[in-house]
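Novice:
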Amino acid sequence: MGEAFSIHCRRFLMFFLLASLMLLPAAAFAAASVPVHDGTQLAWWVWMILLFGFTFLLGIIAVVAGVGGGVLFVPIVSSFFPFHIDFVRGAGLLVALSGALSAGSPLLRKGLANLKLALSMALIGSASSIAGAMVGLAMPEKTIQLLLGLTIMFISFVMYRSKNSAYPVIDKPDALSKTLQIYGVYFDEHLKKDINWQIHLTPVGLALFILIGFMAGMFGLGAGFANVPVFNLILGVPLRVAVATSVFVLSINDTAAAWVYLHKGAVLPLIAVPSIAGMMIGTKIGAKLLTRIHTNMVRRIVIALLAVAGLRALLKGLGI
Amino acid sequence: MSMKEAVHADRVQLAYASVLSVAATLGMVLIAVGYLLYVFDILPSLASAADIAAHWHLKASELHKAVQVPSGWNWIGELGRGDVLSYASIIYLSGATIFCLAFIVPAFIREKNFIYTVLTILQVCILVFAAAGIVSGGH
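Residue numbers (our numbering), protein chains in the order written: chain A, -5 to 314; chain B, 33 to 171.
#1: Within a Cβ cutoff of 6 Å, which residues of the same chain sit near alanine 160(A), ignoring the five residues on either side of it in sequence?
#2: If you draw a straight line from the C-alpha of lysine 310(A) to the C-alpha of valine 296(A), how long is it?
#3: Applying a beta-carbon distance threshold of less than 9 Å, which residues of chain B neighbour glutamate 135(A)?
#4: In this structure, what does DSSP give as the bridge partners for asparagine 190(A)?
#5: Where does tryptophan 105(B) fall in DSSP's three states?
#6: Within a Cβ cutoff of 6 Å, which residues of the same chain sit near alanine 307(A), ignoring the five residues on either side of it in sequence?
#7: Roughly how many whole angstroms lie between the Cα atoms of glycine 304(A) and lysine 172(A)?
#8: How should phenylalanine 148(A) be labelled, buried or exposed, when 16 other C-beta atoms within 10 angstroms of its C-beta is the threshold for buried?
#9: Helix, strand or coil for alanine 162(B) per DSSP?
#10: With H, G and I counted as helix, E and B as strand and the rest as coil, what does DSSP make of valine 296(A)?
#11: Determine the chain B residues that contact valine 261(A) at a beta-carbon separation under 7 Å, and present them in chain order.
#12: Given that aspartate 316(A) touches chain B, what residues does it touch there, using C-beta distances under 9 Å?
#13: Verify the CB distance criterion: does histidine 257(A) have a CB-CB separation below 9 Å to chain B?
#14: Going along chain A in order, which residues have a C-beta closer than 7 Å to the C-beta of leucine 46(B)?
#15: With a Cβ-Cβ cutoff of 9 Å, do glycine 64(A) and glycine 216(A) count as a contact?
#16: Give the residues of chain B in contact with proline 76(A), contact being defined as C-beta atoms less than 9 Å apart.
#17: Do glutamine 45(B) and asparagine 108(A) have their C-beta atoms within less than 9 Å of each other?
#18: Given a threshold of 16 other Cβ atoms within 10 Å of its Cβ, counted over all protein chains shown, does phenylalanine 77(A) qualify as buried or as exposed?
#19: With distance defined between alpha-carbon atoms, name the residue in His257(A), Met291(A), Lys278(A) nearest to isoleucine 122(B).
#20: Leucine 58(B) to glycine 214(A), Cα distance in whole Å?
#21: Give the interface partners of glutamine 100(B) over in chain A, defined as CB-CB distance under 8 Å, in chain order.
#22: Quick check on DSSP: helix, strand or coil for methionine 133(A)?
#23: What residues in the segment 226 to 250 of chain A bring their beta carbon closer than 7 Å to a beta carbon of chain B?
#24: Quick one: what's got a C-beta closer than 7 Å to methionine 16(A)'s C-beta in the same chain, skipping five residues either side?
#25: In whole angstroms, what is the alpha-carbon distance linking phenylalanine 67(A) and leucine 95(B)?
#26: So that I know if they touch, is there some Cβ in chain B lying closer than 9 Å to that of aspartate 188(A)?
#27: Output the distance between the C-alpha atoms of glycine 47(A) and tyrosine 148(B), rounded to the nearest integer angstrom.
#28: Taking 9 Å as the CB-CB limit, is asparagine 221(A) close to chain B?
#29: Pick helix, strand or coil for arginine 113(B), following the three-state DSSP scheme.
#30: Are the segment 154 to 170 of chain A and the segment 86 to 105 of chain A in contact at 8 Å, needing three or more beta carbon pairs?
#31: So with CB distances below 8 Å, who are the chain A contacts of isoleucine 32(B)?
#32: Looking only at its chain, what residues have a beta carbon closer than 8 Å to the beta carbon of isoleucine 54(A), apart from the 5 residues adjacent to it on each side?
#33: List the whole-angstrom C-beta distance separating isoleucine 265(A) from leucine 45(A), where the pair is believed to meet the contact cut-off of C-beta under 8 Å.
#34: If you drop the 5 nearest sequence neighbours on each side, which residues of the same chain put their C-beta closer than 7 Å to that of phenylalanine 225(A)?
#35: Tell me the residue span of the alpha helix (DSSP H) that contains tyrosine 161(A).
#36: With DSSP collapsed to three states, give me the class of valine 241(A).
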């Protein structure tokens, strides 16, 4: 009976989360397009409450689906809220940055995030994210929407196709990784033992981080979706270390890009703070729910949602 | 530092984790306090939330022509205002990583780790240049 109750609870939780995720954008969209009775738009504080509620749900879903909040935030908020995409990208970077800052410390302490791996990749990534942010803010809105749409649809395709490797075996580390002292050991909770790791193809990884940094800065995305496969599938970093180190890299790359947005006036505290707060609280609750809900199902829905948001941005960019 | 932490993370990494923990917690408190001071009009603002909302559909450069809002470092002389304090808390959050990285440079020097001393100093320089507006299009 206890088990049956637990299954019902899980089903209810899943239904609630997914229904909320589907309904909130619709509510926001309706509110944006329908003037209230006196001919004016909704009061600003209603938007703030909607934004907080929406990012709170995004935070839960992001953790459960195993993606960073930033990649969901920009395409969805720019599609369904009345803010210019400049401010959505600025807020998106700060959402990803604050998430990375608050998660960073425990991940570093446990040895899951690796400082040397992160510093090596972030140096080049942060420089290119500054360039990406400058190019992105100089582009016309329609071009940005078009490119964002294409990028988000590509990301949803990569997420759909990607097969991570939990424990890649690297027999021979490359010379550059040895020079940079990139190797480590972490305690694997699943295997209940210490896992040693080392990497290869470091120059290829560095080259890819130029591209990832540029894209993150240009679109205001967290870019964890790209960091993790490069760490895991190309460099051969164990999946848990790849995910944790990606968080740490975000805190450096997004800091660099965030300053460009701050100097260009593309950060409004009115929009950024409720987004950060909603996402942070949602992420904490999502982490608690992680073991109770069907993550694969949520992940599939998030991929579909990303594809729809990408298509919507693409159509906006094409003026349709 | 626990034995387990020491096995899985080196001393510099643990130092970074400690300073990051404090910086991140302080950042979250500051953005919450700054925002409440702003949206509840506890302190006067350069532009009210309603003014911002009337223009938030505009491109950043156009919004700045229409309303006076803090950007880059142009807010320094206006610290008594709610929107400026809220903005300053975001500035703090964006500077936290620079502070944490600068904190571990002496630790790398003590370890005589030349490569990471240089890499970390270069990283700090890139971020400081971005923060100063030198490589980020500031005014």
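Beta carbons are placed, not taken as given, at the ideal position from N, Cα and C, and that holds for glycine.
Specialist: Quick look at the numbers:
#1: As a first step, residue 160(A) is located in the first sequence; it is residue number 166 there, counting from the start. Beyond the five residues adjoining it in sequence on each side, alanine 160(A) comes within less than 6 Å, by CB distance, of Leu233 in the same chain, given in chain order.
#2: By one-based count along the first sequence, residue 310(A) stands at place 316. By one-based count along the first sequence, residue 296(A) stands at place 302. In a straight line, the C-alpha of lysine 310(A) is about 21 Å away from that of valine 296(A).
#3: Position 141 of the first sequence, counted from the start, is the residue given in the question as residue 135(A). What glutamate 135(A) touches in chain B, judged by beta-carbon distance under 9 Å, is Lys91, going in chain order.
#4: Residue mapping note: residue 190(A) aligns to position 196 of the first sequence, counting from 1. Answer is Val179(A).
#5: As a working note, residue 105(B) is residue 73 in the second sequence. DSSP places tryptophan 105(B) in coil when its eight states are reduced to three.
#6: Counted from its first residue, the first sequence places residue 307(A) at position 313. Pro69, Gln139, Leu142, Gly143, listed in sequence order.
#7: Position 310 of the first sequence, counted from the start, is the residue given in the question as residue 304(A). Position 178 of the first sequence, counted from the start, is the residue given in the question as residue 172(A). CA-CA distance, glycine 304(A) to lysine 172(A), rounds to 40 Å.
#8: Locating residue 148(A) in the first sequence gives position 154, where the first residue counts as 1. By the 10 Å Cβ count, phenylalanine 148(A) comes out exposed.
#9: Within the second sequence, numbered from 1, the residue matching residue 162(B) stands at position 130. Note: alanine 162(B) maps to helix in three-state DSSP.
#10: In the first sequence, residue 296(A) corresponds to position 302, counting from 1. Here valine 296(A) sits in helix by DSSP.
#11: Sequence index remark: in the first sequence, residue 261(A) carries index 267 (1-based). When 7 Å is used as the limit between beta carbons, valine 261(A) is near these residues of chain B: Ile122, in chain order.
#12: The displayed coordinates of chain A run from -5 to 314. Any statement about residue 316(A) would go beyond what the structure contains.
#13: Numbered from its first residue, the first sequence carries residue 257(A) at position 263. At least one CB of chain B lies nearer than 9 Å to the CB of histidine 257(A).
#14: Along the second sequence, one-based indexing puts residue 46(B) at 14. Among the residues of chain A, those whose CB is under 7 Å from the CB of leucine 46(B) are Arg103, following chain order.
#15: The sequence position of residue 64(A) within the first sequence is 70, counting from 1. The sequence position of residue 216(A) within the first sequence is 222, counting from 1. Judged by beta-carbon spacing, glycine 216(A) lies within the 9 Å limit of glycine 64(A), meaning their Cβ atoms are closer than that value.
#16: For the purposes of this step, residue 76(A) is identified with residue 82 of the first sequence, where counting begins at 1. For proline 76(A), the chain B residues whose C-beta falls within less than 9 Å of its own C-beta are Ala85, Trp88, His89, listed in chain order.
#17: By one-based count along the second sequence, residue 45(B) stands at place 13. By one-based count along the first sequence, residue 108(A) stands at place 114. Taking 9 Å as the cut-off, the Cβ atoms of glutamine 45(B) and asparagine 108(A) count as close.
#18: Mapped onto the first sequence, residue 77(A) falls at position 83. With a 10 Å radius around the Cβ and a threshold of 16 neighbouring Cβ atoms, phenylalanine 77(A) comes out buried.
#19: Taking the second sequence and counting its residues from 1, one reaches residue 122(B) at position 90. Per the Cα distances, His257(A).
#20: Numbered from its first residue, the second sequence carries residue 58(B) at position 26. Numbered from its first residue, the first sequence carries residue 214(A) at position 220. Going by C-alpha positions, leucine 58(B) is about 24 Å away from glycine 214(A).
#21: Position 68 of the second sequence, counting from 1, holds the residue named residue 100(B). Going along chain A, no residue has its Cβ under 8 Å from glutamine 100(B), so there is no contact; the nearest lies around 11 Å.
#22: Walking along the first sequence from the start, residue 133(A) turns up at place 139. Note: methionine 133(A) maps to coil in three-state DSSP.
#23: Answer in chain order: Ser245, Ile246, Thr249, Ala250.
#24: Here residue 16(A) refers to the residue found at position 22 of the first sequence. At methionine 16(A) the pLDDT is 49, less than 50, meaning the model places this residue with poor confidence and gives no usable figure here.
#25: Your numbering for residue 67(A) matches position 73 in the first sequence. Your numbering for residue 95(B) matches position 63 in the second sequence. Cα-Cα distance, rounded: 22 Å.
#26: Position 194 of the first sequence, counted from the first residue, corresponds to residue 188(A). Aspartate 188(A) has a beta carbon lying within less than 9 Å of a beta carbon in chain B.
#27: Taking the first sequence and counting its residues from 1, one reaches residue 47(A) at position 53. Taking the second sequence and counting its residues from 1, one reaches residue 148(B) at position 116. Near 42 Å, if we compare the C-alpha coordinates of tyrosine 148(B) and glycine 47(A).
#28: Stepping through the first sequence from its first residue, residue 221(A) is reached at position 227. Chain B contact via Cβ: absent.
#29: Against the second sequence, residue 113(B) aligns to sequence position 81. Arginine 113(B) falls in the coil class under three-state DSSP.
#30: These segments do not touch.
#31: One cannot answer for residue 32(B) here, as it falls past the ends of chain B, which runs 33 to 171.
#32: One-based indexing of the first sequence puts residue 54(A) at position 60. Counting only Cβ-Cβ distances below 8 Å, and skipping sequence neighbours, we find Leu11, Gly276, Thr277, Ile279, Gly280, Leu283.
#33: Looking up residue 265(A) in the first sequence gives position 271. Looking up residue 45(A) in the first sequence gives position 51. Yes, isoleucine 265(A) and leucine 45(A) are in contact; Cβ-Cβ is about 7 Å, under 8 Å.
#34: What you label residue 225(A) is simply residue 231 of the first sequence in a count that begins at 1. Closer than 7 Å at Cβ, skipping near neighbours: Val231, Ala236, Thr239, Ser240.
#35: Numbered from its first residue, the first sequence carries residue 161(A) at position 167. Tyrosine 161(A): not part of any alpha helix (DSSP H); DSSP gives it neither H nor E.
#36: Stepping through the first sequence from its first residue, residue 241(A) is reached at position 247. Here valine 241(A) sits in helix by DSSP.
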